[in-house]
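Undergrad: The structure is given below, and queries will be raised subsequently.
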Amino acid sequence: MTEQREKEFAAILKLPGVGRRNFLRLGAAGTGALLLPATAARATDKLASKARIVIAGAGAAGLAAASRLAEQLDGASITLVDGRKEHFYQPGYTLIGAGLKPASYVVSTTAEYVPNGVDWIEERVAEFDPEGNKVVTESGKAIPYDFLLVATGLKLDYAAIPGMDVAQIGKNGLGSVYHSAAAAEATWRSMSDFADKGGIGLFLRPGTEMKCAGAPLKYTFITDDYLRRRGNRGKAELVYNANNKALFSVPIVSEKVRMLFDDRKVKVNYERILESIDLGKRIAVFKTPIGPVEHPYDFINVIPPMRAPDAVRNSPLPWQEGGWAKDGWIEVDKHSLRHKRFDNVFAVGDVAGVPKGKTAASVKWQVPVAVDHLLASIAGKESNSVYNGYTSCPLITRLGQAMLVEFDYKDNLVPSFPGVIAPLEELWITWVMKTMALKPTYLSMLRGRA
Amino acid sequence: MKEFDPLIFLVVFQEMLGPLLWLLILLAVGGTLAFLSLLIKEKGIVARRLVRAELAGLGGGVLALILMAKVSSSGFTDAGGPADWFLIALVFGMGLIGSAIVVYSFLGWRTLVKR
Chain A
0 MTEQREKEFA AILKLPGVGR RNFLRLGAAG TGALLLPATA ARATDKLASK
50 ARIVIAGAGA AGLAAASRLA EQLDGASITL VDGRKEHFYQ PGYTLIGAGL
100 KPASYVVSTT AEYVPNGVDW IEERVAEFDP EGNKVVTESG KAIPYDFLLV
150 ATGLKLDYAA IPGMDVAQIG KNGLGSVYHS AAAAEATWRS MSDFADKGGI
200 GLFLRPGTEM KCAGAPLKYT FITDDYLRRR GNRGKAELVY NANNKALFSV
250 PIVSEKVRML FDDRKVKVNY ERILESIDLG KRIAVFKTPI GPVEHPYDFI
300 NVIPPMRAPD AVRNSPLPWQ EGGWAKDGWI EVDKHSLRHK RFDNVFAVGD
350 VAGVPKGKTA ASVKWQVPVA VDHLLASIAG KESNSVYNGY TSCPLITRLG
400 QAMLVEFDYK DNLVPSFPGV IAPLEELWIT WVMKTMALKP TYLSMLRGRA
Chain B
47 MKEFDPLIFL VVFQEMLGPL LWLLILLAVG GTLAFLSLLI KEKGIVARRL
97 VRAELAGLGG GVLALILMAK VSSSGFTDAG GPADWFLIAL VFGMGLIGSA
147 IVVYSFLGWR TLVKR
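In order, the protein sequence lines correspond to chains A and B.
Per my numbering, the first sequence runs over residues 0 to 449.
Per my numbering, the second sequence runs over residues 47 to 161.
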C-alpha cells in the first residue's frame, strides 16, 4: 500500500458522518466479504521471539505500542511500567475547558487497554540505565530488557513559574486547561465567569516544546466566541502572548491565525514568556526582549513550561547538546525514532526529541514506525518505515468550527482530504470530527486497532 | 497504519456508537431485507405508499440532523464551506432514505399481514 493510500484511508476514518454511513451501506451489502481477507491476513506470521521488551509509560504511546507488539510477537515478554491507574484522553481537555464535556469525558483506566499477554508493573520508572540494559522502578526493582521503548510523556513544570499554585486553578480568574480534567473544568468556570463580566483575558504559550501547540490558540478563540455569544465582547480585551515571533511553528498556519486574530480583535504580543505570576493581585510578569513586563488580567490560561520527566532528564538518554538537551528530550533519529546512541532504545510520544509532533495524531503515526523498526531488529532485518513528522491539529476557531491543520517536518501542509476539506478553512465538518470521531479513533489506537 | 484493514471501520464506529451501532446495522439490514422481499412479493412499488413513506422520510432526515448536532455539540448553522453543506446533505439524505425504506416496508408488511 502506498503512503498516499494509507493517508487517505486514515483520513476517511476521521470522517464520522460519511464513514458511518458508508459503513452501514457496506454492512448491508457485503461486510462479510470485506472482512474476511483482513481477518485472514491478520492471523498470519507472528514473529516468534523470546525478546524482553520494556515499555516505560502506559499513556497513549505506550499502550498503542504494547498492543501492536503483543499482536505481532509470539513468545516475547512485553512489560509496561507505569504507576498511574487512570488513563486520560488528553485531546478532550479543551472541550472540557470549553464547557462542552464533563471531566469524566476524558477519564478511563489504564487496565482496560492493557493487552492480553502484556505484564503491567504499576510503578514509575525511577532510573534508566541504557548501558546496563535495564530500568529501575521506584521501589528499587530492576527490570532488564533487550529492547526499551520510552513513552513516559512529559512533565508540566508549574513549579518553574514563581507564584503559580495549581490549587488555585478555577479561582480568582486563574485557568489552566492542561493541568488535569478537574482543572480543565475549573478553568471553564473561571472563563465562563469572565465571559459574563469582561475585562482583560491573557493567553500564552510556554517557551519550551509543548504538547499540542494549537491548544493555547483554540482556547483564545473559544473565549472570544463565548464573550460574543453573551454580548460582552465589547467589555473585554483579549491578548495572546506568543513565545517567539510566530503564532504557530508552521509559517502558513501562523499567518492564517494572525489574520483570524486580527479579525476577532485579539491583540498579539510576540516574544513574551510568562516568568512569574501574582495570583492575589492578578498580575502576570512576562520575559521580553526589553526586560520583564507586567500585565494585569481578569482571566488567564496558564500553560506551564514542559520538560521530559526527571527520570529521563537525569539519564543518559536525552540530547547531549543543542536546544533540546536542557529540557531532556530523548535523542532519537527523527525518522525511525530509534535512539542515536543506544541501538535497542526507542522513544515515542511527547518525550521523543523530534522537531514536531507532541499530539495523539503524531503518536498514531510514530508508534507503527518505531514498532516496525523494533520488530525488524528482532528479526535481524532492516526496516524502511519512516515517520515524516505528521501531526494534525483540529484548530478550533469558534464553537462549531475548526480548521483541520495537518503538517509534517518540512512545514508542508499534508491535507487528508485535498479538494474537500481545505486545511485553512474554518469548517463545521472539522469540528464534527474533533467532537465525534477523534475519541473513538484514539481509543482504537490504544487497542492497536487503528 | 501499515496495512489496509476494513475491520478498523467497524472498530472505530463501535467505539463511537457502542451498542447503538449494532442496532443501526440491524435496522439497516433488516429494513433492506424487508423492503426487498416486499418488492418481490408485491411485484413492484406501491406509489401511494411510497409517497407517504417519503413524507415520513423528511422527518427522518431532520431527526438524523438533530442527532448529529446533539452528538457534536453544535448546529448546522455552523456550516462554513461546501464540505459542510455536503455533510449536512449527506446526513439528511441518509436519514431520509433510511427512514423512508423502513416506513415503506413497515406499512407494506402491516397491510399484508392484516389481509
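Here a beta-carbon is modelled for each residue, glycine too, at the ideal position from N, C-alpha and C.
On a predicted model such as this, the values are computed, not experimentally measured, just so you know.
Taking any Cβ of chain B, which residues in the region 437-449 of chain A have a Cβ under 7 Å from it, in chain order?
TA: Taking 7 Å as the Cβ-Cβ cut-off against chain B, the residues of the region 437-449 of chain A that qualify are Pro439, Thr440, Leu442, Ser443, Arg448, Ala449.
Undergrad: Which residues does DSSP list as the beta-bridge partners of leucine 109/B?
TA: Leucine 109/B is not bridged to any residue.
Undergrad: Using only the alpha-carbon positions, how far apart do asparagine 231/A and valine 58/B sit?
TA: Each residue's Cα considered, the two are about 40 Å apart.
Undergrad: Could you check the C-alpha separation between lysine 84/A and threonine 108/A for me, to the nearest Å?
TA: If I take the Cα positions, the gap works out to 6 Å.
Undergrad: Taking only three categories from DSSP, how would you classify arginine 156/B?
TA: The answer is helix: DSSP assigns arginine 156/B an H, G or I state.
Undergrad: How about glutamate 88/B: is its C-beta nearer than 8 Å to some C-beta of chain A?
TA: Not an interface residue.
Undergrad: For asparagine 242/A, is the classification buried or exposed, using 16 other Cβ atoms within 10 angstroms of its Cβ as the cut-off for buried?
TA: When all chains shown are included, asparagine 242/A counts as buried.
Undergrad: Tell me the DSSP secondary structure of serine 443/A in three-state form.
TA: Helix at serine 443/A.
Undergrad: What separation, rounded to the nearest whole angstrom, lies between the Cα atoms of arginine 51/A and phenylalanine 146/A?
TA: Cα to Cα, the separation comes out at about 6 Å.
Undergrad: Pick out the complete beta strand (DSSP E) segments inside the region 293-352 of chain A, 3 residues or longer, and give them in chain order.
TA: Fully enclosed beta strand (DSSP E) runs of 3 or longer: 298-300, 344-346.
Undergrad: Is the region 396-403 of chain A touching the region 360-369 of chain A in the sense that three or more CB pairs, one from each, lie closer than 8 Å?
TA: Not touching, per the Cβ criterion.
Undergrad: For leucine 163/B, would you say it is in contact with chain A, using Cβ-to-Cβ distances shorter than 8 Å as the test?
TA: Nothing can be reported for residue 163/B: it is not among the residues displayed for chain B, which extend from 47 to 161.
Undergrad: Taking the straight line between their C-alpha atoms, what separation do you get for alanine 42/A and isoleucine 54/A?
TA: Per-residue confidence for alanine 42/A stands at a pLDDT of 45, beneath the threshold of 50, marking its modelled position as unreliable; the derived number appears in the next sentence. Distance between the alpha carbons of alanine 42/A and isoleucine 54/A: 24 Å.
Undergrad: At the level of alpha carbons, what is the spacing between serine 472/A and lysine 133/A?
TA: Residue 472/A is absent from the model: chain A starts at 0 and stops at 449.
Undergrad: For valine 97/B, does the count of other Cβ atoms within 10 angstroms reach 16, so buried, or fall short, so exposed?
TA: Under this definition valine 97/B is an exposed residue.
Undergrad: What number of angstroms, rounded off, separates the C-alpha of leucine 373/A from the C-alpha of asparagine 343/A?
TA: Their backbone Cα atoms lie some 8 Å apart in a straight line.
Undergrad: Thinking just about the alpha-carbon of each residue, which of Ala378/A, Trp119/A, Tyr225/A, Asp156/A is nearest to the one in tryptophan 187/A?
TA: Per the Cα distances, Tyr225/A.
Undergrad: Am I right that glycine 96/A and tyrosine 218/A are in contact with their C-beta atoms under 8 Å? What's the rounded C-beta distance?
TA: Right, their Cβ atoms sit about 6 Å apart.
Undergrad: Under the assumption that alanine 346/A contacts valine 149/A (Cβ atoms under 8 Å), give the Cβ distance between them as a whole number of angstroms.
TA: Indeed they touch by this definition, with Cβ atoms about 4 Å apart.
Undergrad: If the cut is a Cβ gap below 8 Å, which residues of chain B does valine 431/A touch?
TA: Within chain B, the residues near valine 431/A are Met114, Ser118, Ser120, Leu133.
Undergrad: Whose C-beta lies closer than 7 Å to the C-beta of aspartate 326/A among residues of the same chain, with five residues either side of it excluded?
TA: Closer than 7 Å at Cβ, skipping near neighbours: Thr207, Glu208, Arg306, Ala307.
Undergrad: Starting from phenylalanine 247/A, follow its DSSP beta bridges and name the residues at the other end.
TA: Per DSSP, none; premise fails for phenylalanine 247/A.
Undergrad: Is proline 315/A near proline 143/A, with beta carbons less than 8 Å apart?
TA: Cβ atoms of proline 315/A and proline 143/A: not closer than 8 Å.
Undergrad: For histidine 178/A and phenylalanine 416/A, what's the separation of their Cα atoms in angstroms?
TA: So the two alpha carbons sit approximately 33 Å from each other.
Undergrad: In whole angstroms, what is the alpha-carbon distance linking glycine 127/B and glutamate 126/A?
TA: Roughly 52 Å separates the two Cα atoms.
Undergrad: State yes or no: is the C-beta of valine 301/A within less than 8 Å of the C-beta of arginine 271/A?
TA: Against a cut-off of 8 Å, the Cβ pair of arginine 271/A and valine 301/A comes out as no contact.
Undergrad: Could you check which residue in Asn171/A, Gly197/A, Tyr239/A, Ala436/A has the C-alpha nearest to that of valine 117/B?
TA: Nearest of Asn171/A, Gly197/A, Tyr239/A, Ala436/A to valine 117/B, Cα basis: Ala436/A.
Undergrad: Taking the beta strand (DSSP E) that aspartate 277/A falls in, what are its first and last residues?
TA: Its beta strand (DSSP E) spans residues 272-277.
Undergrad: Is there a Cβ from chain B that is less than 8 Å from the Cβ of threonine 186/A?
TA: Output row for threonine 186/A: interface = no.
Undergrad: Keeping to the same chain, check which residues put their C-beta closer than 6 Å to that of glycine 182/A; ignore five residues upstream and five downstream.
TA: The sequence given here has alanine at residue 182/A, not glycine. If we look at alanine 182/A and ignore the five residues flanking it on each side, its Cβ neighbours are Ile168, Ser175.
Undergrad: Which runs of the alpha helix (DSSP H) at least 4 residues long sit entirely within the region 37-76 of chain A? Give them in chain order.
TA: Listed in chain order, they are 59-71.
Undergrad: Compare the C-beta of leucine 126/B against all C-beta atoms of chain A and say whether one is closer than 8 Å.
TA: Reading the sequence as shown, one finds glycine at residue 126/B and not leucine. Chain A contact via Cβ: present.
Undergrad: Residues of chain A with CB under 9 Å from valine 108/B, in chain order?
TA: Those do not exist, as valine 108/B stays about 15 Å from chain A at its closest Cβ, beyond 9 Å.
Undergrad: Considering proline 393/A, what are the terminal residues of the beta strand (DSSP E) in which it resides?
TA: 390-397 is the extent of the beta strand (DSSP E) around proline 393/A.
Undergrad: What number of angstroms, rounded off, separates the C-alpha of valine 404/A from the C-alpha of threonine 440/A?
TA: Taking the straight line joining both Cα atoms gives about 17 Å.
Undergrad: According to DSSP, is aspartate 410/A helix, strand or coil?
TA: Residue state, collapsed to three classes: coil.
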